[in-house]
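A short worksheet on the structure shown next.
2 protein chains.
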Amino acid sequence: MSPKIGVFDSGFGGLTVLGALVRRIPHACYTFLGDTARLPYGSKSRRTIAHYAAEAAQFLVNKQGAEYLVIACNTASALALDAIQDAVPVPVLGVVEPGAKAAHAASKTGDVLVIATDATVRSHAYAMACHAQGLRALEKACPLLVPLVEEGWTNHPVTAQVIEVYLSELRAEAKAEGLHYDALVLGCTHYPLLRSLFEKAVTPGVRIIDSAEATAEAAMHLFGQNGENQPDTARVRCFATDSVDKFERLGSRFLGRPVGKVELVDLGG
Amino acid sequence: MSPKIGVFDSGFGGLTVLGALVRRIPHACYTFLGDTARLPYGSKSRRTIAHYAAEAAQFLVNKQGAEYLVIACNTASALALDAIQDAVPVPVLGVVEPGAKAAHAASKTGDVLVIATDATVRSHAYAMACHAQGLRALEKACPLLVPLVEEGWTNHPVTAQVIEVYLSELRAEAKAEGLHYDALVLGCTHYPLLRSLFEKAVTPGVRIIDSAEATAEAAMHLFGQNGENQPDTARVRCFATDSVDKFERLGSRFLGRPVGKVELVDLGG
């Protein structure tokens, strides 16, 4: 039997997590929901985010029959994982803890940097998850990176410059706080599309941790679904609460395969 | 008696319009509502935007007693002005038509450029309003400018470069279509904060039209409220549906005076 995995994000950026899941559990049935009518969660309060995310989780489990849930939205994982777990009776995995665990596995110095959206940083969810792994973490909000990715400037000199500005601010802050970091966590689902620019920009020896990949790895273990040696029979069905055109236009670059037709759903918000 | 003017925006960017209103009608009582829980409208569908904007207008008129309404959001003016006018019994003014009329007054060649958010451009509301004035208009979405303004990079070399990229694309498109433009309409409430960068970047002889200023001028006439020679007794009360902190932190730069305490309101979305 194919496992049924629901994947939720505030937008379509979480398709990078879905793509990583498909590569590791290729025999599953996936239902992805992007709450595009109410994005970005990044600028909203914990109360609002918890309310929206619980509604979305209930849609995936109660209406679509998901047996496992992956919260591919860093903001919702950071601010609303408890609310989601209370709302549905299936195993729920967020992206924050797997990212922190992968940082722990990669770092020798025990000091790491985390970049994310403003709300994820303000929640300090990554810092807390890193501390739980015995790491010191310095977090920084990089609000320009999502719009640059959505503009398609994933290999543009302006984007390289913006990354350089953010990284040099981070270097100065790390120095001021006496951190000897050797890992950089990409704490936003859009950032894997900037991975090659980050690889050129970081100090040599600094490992880049992709939360999407780390989460897919963790899902394999938590859900007991090892897709090794399984044929790729993945089925992917995508829903969005608005802006289906944009989702269809940009989504395939994030997923790494065609997203196909995206269905509109009204969560009543 | 002080007139009561309600001003609505999807976020706090419309504070540039409120600031322009206060300068021209300084004896009025203003209530501003930023629907920050549901921004940005720019990426949402016409149906969703009309629903949200009508709710906001009813709050300003029915709950706050506004006698006049200014829709300071380009996207809502472009996509939902009729829906708002149907929802409330007071005069409603959007920002699109005043911008087009100001472009008409400024242009000698009859060809103008309009820059705005993606949804405003996709609605072609400015192109239609310009055509109604006998102008030819070339529109372009500049989705990176709002995040750059919100990051505070209003005088940053990266922002100057992004503006140069957008303007050079516009120049090429204008050339291809045989347009001899002499005016550039800033069709987004955030863009007035980039006015000095645009003034340095445009071809000499091109006039910059600020929709916020044009709208305040039009409001003075439509509402029969000429504030000339009136003392500045303006009172401003601000509401937001979420993210009150961000509103308070960034709002004063947009308004041109302190925004003071921002009150949280729940529109039920």
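If you read the protein sequences in the order shown, they are chains G and P. Sequential numbering of the first sequence, starting at 122, is according to my numbering. Sequential numbering of the second sequence, starting at 122, is according to my numbering. No residue lacks a Cβ here, since even glycine has one placed at the ideal position from N, Cα and C. Keep in mind it's a predicted model, so treat the numbers as computed, not measured.
Whose C-beta lies closer than 7 Å to the C-beta of residue i among residues of the same chain, with five residues either side of it excluded?
i	result
alanine 262/P	Ala237, Thr238, Asp239, Val242
asparagine 347/G	Met341
leucine 265/P	Val283
aspartate 353/G	Pro147
alanine 178/P	Phe129, Leu190, Ile205, Ala208, Val209
glutamate 294/G	Leu259
alanine 187/G	Lys125, Ile126, Gly127, Thr152, Leu181, Val211
Determine the DSSP secondary structure at residue i, reduced to helix, strand or coil.
i	result
aspartate 232/G	strand
threonine 152/G	strand
aspartate 130/P	strand
glutamate 260/P	strand
lysine 165/G	coil
leucine 388/G	coil
leucine 113/P	Any property of residue 113/P remains undetermined from this structure, which presents chain P solely from 122 to 390.
Any beta carbon from chain G within less than 9 Å of residue i's own beta carbon?
i	result
leucine 269/P	yes
threonine 157/P	yes
lysine 165/P	yes
valine 386/P	no
leucine 307/P	no
proline 147/P	no
At least one CB of chain P closer than 9 Å to the CB of residue i: is that the case?
i	result
glutamate 272/G	yes
aspartate 331/G	no
serine 364/G	yes
threonine 238/G	no
threonine 169/G	yes
valine 383/G	no
leucine 259/G	no
valine 279/G	yes
proline 219/G	no
leucine 314/G	no
leucine 214/G	no
leucine 139/G	no
proline 264/G	yes
proline 161/G	yes
For residue i, which residues in the same chain have their Cβ closer than 8 Å to its Cβ, ignoring the five residues on either side in sequence?
i	result
serine 228/P	Leu256, Tyr302, Asp303, Ala304, Arg328
glycine 140/G	Ala333, Phe375, Leu376, Gly377, Arg378
glycine 372/P	Phe133, Leu136, Cys359, Val380, Val383
glutamate 320/G	Ile329
Quick one: what's got a C-beta closer than 6 Å to residue i's C-beta in the same chain, skipping five residues either side?
i	result
aspartate 363/P	Thr157, Ala158
alanine 281/G	Leu318
leucine 269/G	Thr280
Legend entry - Segment contact flag, the stretch 156-167 of chain G with the stretch 194-207 of chain G, C-beta cutoff 8 Å, min 3 pairs: yes
Inset, instruction - Decide yes or no for the touch test of the stretch 331-338 of chain G against the stretch 216-233 of chain G: beta carbon pairs closer than 8 Å, at least 3 of them. - result: yes
Legend entry - Within the stretch 187-235 of chain P, ranges of the alpha helix (DSSP H) (whole runs, at least 4 residues): 195-208, 217-227
Legend entry - Entirely enclosed alpha helix (DSSP H) segments - the stretch 329-384 of chain P, minimum 4 residues: 332-343, 365-376
Inset, instruction - Using a Cβ-Cβ cut-off of less than 9 Å, give me the residues of the stretch 283-299 of chain G that come near chain C, in sequence order. - result: Absent here is chain C; the protein component of the structure consists of chains G and P.
Inset, instruction - Quick one: which unbroken alpha helix (DSSP H) runs of 4-plus residues sit fully inside the stretch 245-305 of chain G? Chain order, please. - result: 246-253, 266-271, 278-297
Legend entry - Touch test, the stretch 381-390 of chain G against the stretch 208-216 of chain G, Cβ-Cβ under 8 Å, three pairs minimum: no
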